[in-house]
Amino acid sequence: MKKIFLSLLLTFFIMTTNAQIYKAKIATDPNGYIYETVSNDPSNSRIYTLKNGLKVYLSRNDDEPRIQTYIPVRTGSANDPSENTGLAHYLEHMMFKGTSKLGTSNWDKESVLLARISDLYEQHKVEKNPNKKKEIYKKIDEVSQEASKYAIANEYDKMISELGATGTNAHTWLDETVYKNNIPSNELERWLFVEKERFSELVLRLFHTELEAVYEEFNRAQDNDMRLVNYEMMDALFPTHPYGQQTTIGTSEHLKNPSMKAIHQYYETYYVPNNMAVVLAGDLDFDTTIQLVDKYFGSFQYKELPVLNRPIEKPLTSVVKRVVKSPSSERIQIAFRCEGAGSKEALYTKMVNMILNNSGAGLIDININQKQLALGAGSYTSFFKEYGLHSLYGAPREGQTLEELQKLLLDQLEIIKKGNFEDWLIKAIVNDLKTQRISSWDTSNGVATEMYNAFIQNLSWQNILDELNELDKISKEDIVKFANNFYKDNYVVVYKEKGTNNKLVRVENPGITPITLNRTEQSDFYKKFAQIPEKEIQPQFINYQSLIKFDNVKNTSLAYIKNKNNELGELYYIFNFGSDNNEELALALNYLSLLGTEKYTKSELEKEFYKIGITYSIQVQNELIFLSLQGLEKNIPKGIELFEHLWKYAKPDSETYQKYVQTILKARKNSKLNKQSILNALAQYARFGENNRIRNNISENDLLNKNPSNLVNLSKGLFDYKHEIFYFGPNESLIKKAIQKYHNFGTSKEYSTPIIYKEIESDGSLFYSPYDMVQTEILFQSRGKKFDITKMPYAKVFGEYFGRGLSSIVFQEIRESKSLAYSAYASYSVASDKDKYDFISSYIGTQANKLPQAVDAMKELMNNMPEIDKQFTNAKKSALKQIASDRITKSNIYWSYLSAKKRGIDYDVRKDMYSRIQTLQLSDLRDFFNQEIKGKIYNVSLIGKKESLDWNSVKKLGKVKELSIDELFNY
57 MKKIFLSLLL TFFIMTTNAQ IYKAKIATDP NGYIYETVSN DPSNSRIYTL KNGLKVYLSR
117 NDDEPRIQTY IPVRTGSAND PSENTGLAHY LEHMMFKGTS KLGTSNWDKE SVLLARISDL
177 YEQHKVEKNP NKKKEIYKKI DEVSQEASKY AIANEYDKMI SELGATGTNA HTWLDETVYK
237 NNIPSNELER WLFVEKERFS ELVLRLFHTE LEAVYEEFNR AQDNDMRLVN YEMMDALFPT
297 HPYGQQTTIG TSEHLKNPSM KAIHQYYETY YVPNNMAVVL AGDLDFDTTI QLVDKYFGSF
357 QYKELPVLNR PIEKPLTSVV KRVVKSPSSE RIQIAFRCEG AGSKEALYTK MVNMILNNSG
417 AGLIDININQ KQLALGAGSY TSFFKEYGLH SLYGAPREGQ TLEELQKLLL DQLEIIKKGN
477 FEDWLIKAIV NDLKTQRISS WDTSNGVATE MYNAFIQNLS WQNILDELNE LDKISKEDIV
537 KFANNFYKDN YVVVYKEKGT NNKLVRVENP GITPITLNRT EQSDFYKKFA QIPEKEIQPQ
597 FINYQSLIKF DNVKNTSLAY IKNKNNELGE LYYIFNFGSD NNEELALALN YLSLLGTEKY
657 TKSELEKEFY KIGITYSIQV QNELIFLSLQ GLEKNIPKGI ELFEHLWKYA KPDSETYQKY
717 VQTILKARKN SKLNKQSILN ALAQYARFGE NNRIRNNISE NDLLNKNPSN LVNLSKGLFD
777 YKHEIFYFGP NESLIKKAIQ KYHNFGTSKE YSTPIIYKEI ESDGSLFYSP YDMVQTEILF
837 QSRGKKFDIT KMPYAKVFGE YFGRGLSSIV FQEIRESKSL AYSAYASYSV ASDKDKYDFI
897 SSYIGTQANK LPQAVDAMKE LMNNMPEIDK QFTNAKKSAL KQIASDRITK SNIYWSYLSA
957 KKRGIDYDVR KDMYSRIQTL QLSDLRDFFN QEIKGKIYNV SLIGKKESLD WNSVKKLGKV
1017 KELSIDELFN Y
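Each residue of the sequence shown is one higher than the one before, starting from 57 at the first, in this note's numbering.
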């Protein structure tokens, strides 16, 4: 059914010029449930409203036997009490802790202790004397130890993991808190059983340890430049409204002085069925599913919501300037405030935004990025319930001031005000958005995400569907008029400058005593959960040879997979060599993407592609090169013609090349200031030593002296070498004819031998680079043995049981029990190539003053794996259910085939994994751990503020080698 509707979407939206008519209709199912549908809805969705006001969104997609679930609550940080900011986000964390039935071994005893902890926190909040506050906190810590004896940590996570769920998480934002899982479709009732209990009441157990984890998240935000700029932008844009005056993470003062009573009050106010929804998209039956949702959620009691009297922001009448400083490179952010989701202003700003930046034919694309007048620039829109914003941003070139870049960005708006853009662009934008919708809604998650956003923003499903029709009604004259009225000196500009951030908050380690985890206990609720019958899903393994049609066109291999869902196509030229074979390849191909031809300038060529709705990309990897075309299949032949024209007739331009070199040099300079880039360079150094890809680069002198014509010739000669073609789309013959007509098949030459980057054997070295940050990040890496297919099932179960996820040993020990980090993981990574090595790694991101304890905890785990039978059984079940419900479909079949081929395999390896995991015992995993992980010597990468680190502890980790930025990057 889904496939028919997607075809209808294309037929009416793109292949004709008539707008599709959407009309809401009310219907009743055989069991008497009333629901709303919308005529011509390609997602075939139903929207129900239960008697208690709970909204239920259902959409069917049978590509795989799984269901994407979201439970959105229409409240977020904008509803935080001003004296308790961060509350909504912290509540989100606590919703994973269970209830009076779930997550406890003795509620009667535990509840008394939790009440005492709540009272102590109220005393702690009002106490002003620092020493007395510490004494109260010590008491909180003591009582929390006693309470933890009755808490069953992570029981919710264990149950959800046992279902075979993936993507278990949640997020909080201004107007929303959204809880997420992707589950096997046969586990729907057991998932509902758990979620009904989870949302039935709030129990704030293991409170102080989770609070410390949230504070570590606050620290991570302090080290994130994007967040810092956004905080400043929102504060200036919304000077009185909670959108700007309350960050989602909250203030340090409020996080350190929480009120459990305030959190309960917030929960009781907003976590009510008439303020919530259940969103399910995937392999489901409508009539059965709504009965199950009603069975479990229909008993929740309706409750009137408070009337919120939010401030109404006065119009901005002048430019508001702010400055943010941090060690990283400069950038600028400009923002205009507009009306919220569903408003006319939202429609118009969305259209203006696409005229500015559509990744090819937009004004910012053409006039700034393609001309290399900035290091990079773009724009975006964000719409909330009450307001929205339109933002323009950019990073300057070397020697360019932020004020100059600001003018350059604003000049693009002036072009729109004058109407100096092509008439065809508006229709092309609408068609682009339609194609994006088709692609997104081809997945369960794409539809489900649209649904929960509709709920949060109080938009009907008809509103969502009809948005493209409304955009299609907007004329060029309308846009020019709107732009002149809307875009004035009424914006916020944030200058992100290089410098010292004097606003960083650094706090002492509170000294939390590790709590009891009670890993082996189960609540009575868990036992009931285990008794709910489930229908087993049988795994389906694929046969590459039967699903991929292999052909030859002239002297080139052509692989084809039919797209049965819609009229979109994807064409790939694949080369089995990359920058390891020739360091100039990335330079040459990226340079080619900046050029025009004798017939077209660069901007004219991009416009030709955008007119027909075809996007192209050039990706140069270490060992592979991908050239691709994507869009409506009927237009791909024209896209092939344009693409091959560029390749054949690209015109060298010295000025463009010199600008390109300056772009590279500035990007390199910025990388040396970026925390993540530095950590990545440290990791490469620890893994490969001095001879690594980051250090092996083309020197500045060589870049400046390259001959642009030689680089263009290098690109033009690419097709002379052996390559493969893969096409995913409805009609192979159409594309095959176009390839035969336009493609340069070359002579199938073999490329030169690549540079070999050897993964070094770990010797216990510690590589350190200083950086001014609140947190410290540390990565341990150790080379394992060469690829062995028999280790894949062990690695899968090890990840579930030990290293990753909310129910893993590492998460429980380092975050839940000891509150030593917000982010920590361990992994055994199986090599992606038959000739490469497996790698063992572990990571911790934490406050510098917690690093010694965190590292000790991780080292203990990596040498002595805790053995818990029940947790292993859950991890094993989860791994089996994930494989059984996983379906490799569409173009992923081919990418799976290529991945298998690199490992020397010609079949679906999941079959072997499933078979072995079925018989796997905890003793087998223990043997794997002892042989492959225990006692390993690690090379360590460490980044952090030098003055904040305990160097006596650091030196115990290995022979310390402090690497300068120049040593790391070698440029």
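C-beta atoms are modelled at their ideal positions from N, C-alpha and C, and glycine is treated no differently.
For clarity, every value in this text was computed on a predicted model and none was experimentally measured.
Residue i, enclosing beta strand (DSSP E) - first and last residue
{"i": "Lys187", "result": "Checking the displayed sequence, the identity of residue 187 turns out to be Asn instead of Lys. Asn187 -> not in any beta strand (DSSP E); alpha helix (DSSP H) instead, spanning 186–204."}
{"i": "Val375", "result": "That residue, Val375, is in no beta strand (DSSP E); it is neither H nor E in DSSP."}
{"i": "Ile390", "result": "387–395"}
{"i": "Asp607", "result": "605–609"}
{"i": "Lys805", "result": "No beta strand (DSSP E) contains Lys805, which DSSP labels as neither H nor E."}
{"i": "Ile781", "result": "780–785"}
{"i": "Gln837", "result": "831–842"}
{"i": "Ser217", "result": "Taken as a continuous stretch (DSSP letters only), Ser217 belongs to no beta strand (DSSP E), being part of the alpha helix (DSSP H) at 211–218."}
Assumed close pair residue i, residue j - CB separation to whole angstroms, cut-off 8 Å
{"i": "Glu166", "j": "Ala207", "result": "7 Å"}
{"i": "Ile411", "j": "Leu419", "result": "6 Å"}
{"i": "Gln492", "j": "Glu662", "result": "Going by Cβ atoms, the distance from Gln492 to Glu662 rounds to 18 Å, so no, they are not a contact pair."}
{"i": "Gly634", "j": "Glu664", "result": "That belief does not hold up - the Cβ atoms of Gly634 and Glu664 are roughly 28 Å apart, past 8 Å."}
{"i": "Lys772", "j": "Val853", "result": "Incorrect: roughly 49 Å between the Cβ atoms, too far for contact."}
{"i": "Tyr741", "j": "Leu1024", "result": "6 Å"}
{"i": "Thr1039", "j": "Thr233", "result": "Since the first residue shown for the chain is 57 and the last is 1027, residue 1039 is missing from the structure and cannot be characterised."}
Contact under 7 Å by Cβ, residue i with residue j
{"i": "Ile696", "j": "Ala615", "result": "no"}
{"i": "Arg122", "j": "Phe342", "result": "no"}
{"i": "Val561", "j": "Ser308", "result": "yes"}
{"i": "Tyr798", "j": "Glu700", "result": "yes"}
{"i": "Lys842", "j": "Glu454", "result": "no"}
{"i": "Tyr443", "j": "Pro128", "result": "no"}
{"i": "Phe784", "j": "Asn599", "result": "no"}
{"i": "Leu685", "j": "Leu627", "result": "yes"}
{"i": "Leu1031", "j": "Ser659", "result": "One cannot answer for residue 1031 here, as it falls past the ends of the chain, which runs 57 to 1027."}
{"i": "Ala333", "j": "Phe511", "result": "yes"}
{"i": "Leu481", "j": "Leu465", "result": "no"}
{"i": "Lys967", "j": "Phe597", "result": "yes"}
{"i": "Lys958", "j": "Ser821", "result": "no"}
Beta-carbon contacts of residue i that lie in its chain and below 7 Å, excluding the five residues immediately before and after
{"i": "Tyr91", "result": "Ala83, Asp85, Arg102, Ile103, Tyr104"}
{"i": "Thr802", "result": "Correcting the residue type first, residue 802 is Gly in the shown sequence and not Thr. Once the five neighbours on either side are set aside, the close Cβ partners of Gly802 are Phe775, Asp776, Tyr777."}
{"i": "Thr72", "result": "Confidence in Thr72 is poor, its pLDDT being 38 and thus under 50, which makes the residue's placement too unreliable to answer from."}
{"i": "Leu22", "result": "Because the chain spans 57 through 1027 in this model, residue 22 falls outside it and cannot be assessed."}
Close Cβ partners of residue i (< 8 Å) along its chain, the five nearest in sequence each way excluded
{"i": "Leu176", "result": "Ile192, Lys195, Ile196, Val199"}
{"i": "Leu361", "result": "Thr325, Tyr326, Val328, Asn330, Asn331"}
{"i": "Arg575", "result": "Ala209, Gln868, Pro922, Ile924, Lys926, Gln927"}
{"i": "Ile60", "result": "Caution is warranted here: a pLDDT of 36 is assigned to Ile60, below 50, making its placement in the model unreliable, and no coordinate value can be reported."}
{"i": "Glu253", "result": "Thr155, Lys157, Leu158, Phe581"}
Span of the alpha helix (DSSP H), counted from its first residue to its last, around residue i
{"i": "Pro922", "result": "Counting along the chain, Pro922 falls outside any alpha helix (DSSP H), and DSSP gives it neither H nor E."}
{"i": "Asn541", "result": "532–542"}
{"i": "Glu626", "result": "That residue, Glu626, is in no alpha helix (DSSP H); its beta strand (DSSP E) goes 624–631."}
{"i": "Arg130", "result": "Counting along the chain, Arg130 falls outside any alpha helix (DSSP H), and DSSP gives it neither H nor E."}
Beta-carbon contacts of residue i that lie in its chain and below 6 Å, excluding the five residues immediately before and after
{"i": "Lys58", "result": "A caution first: Lys58 carries a pLDDT of 40, below 50, which makes its placement in the model unreliable, though a value can still be read off. The residues are Asn117."}
{"i": "Asp339", "result": "Asp118, Pro121, Ser241"}
{"i": "Phe68", "result": "The pLDDT assigned to Phe68 is 36, lower than 50, so where the model puts this residue is not dependable, and the model offers no usable value."}
{"i": "Tyr1027", "result": "Arg724, Asn753"}
{"i": "Pro367", "result": "Thr296, His297"}
{"i": "Met921", "result": "Phe985"}
{"i": "Arg943", "result": "Glu120"}
{"i": "Glu1018", "result": "Tyr824"}
{"i": "Val911", "result": "none"}
{"i": "Asp279", "result": "Met829, Val830, Gln831"}
{"i": "Asp213", "result": "Leu862, Ser863"}
{"i": "Lys1012", "result": "none"}
Would you call the region 282–301 and the region 380–397 touching, i.e. three or more CB-CB distances under 8 Å?
-> Of all C-beta pairs linking the region 282–301 to the region 380–397, three or more are shorter than 8 Å, placing the two stretches in contact.
Between the region 218–233 and the region 160–174, are three or more C-beta pairs nearer than 8 Å?
-> With a cut-off of 8 Å, the region 160–174 and the region 218–233 do not count as touching, because too few Cβ pairs lie within range.
Segment contact, 8 Å Cβ cut-off, at least three pairs: the region 872–890 with the region 269–279 = Short answer: they touch.
Report yes or no: do three or more beta-carbon pairs, one from the region 945–961 and one from the region 229–239, lie closer than 8 Å?
-> The way I'd put it, the region 945–961 doesn't touch the region 229–239; fewer than three beta-carbon pairs between them come closer than 8 Å.
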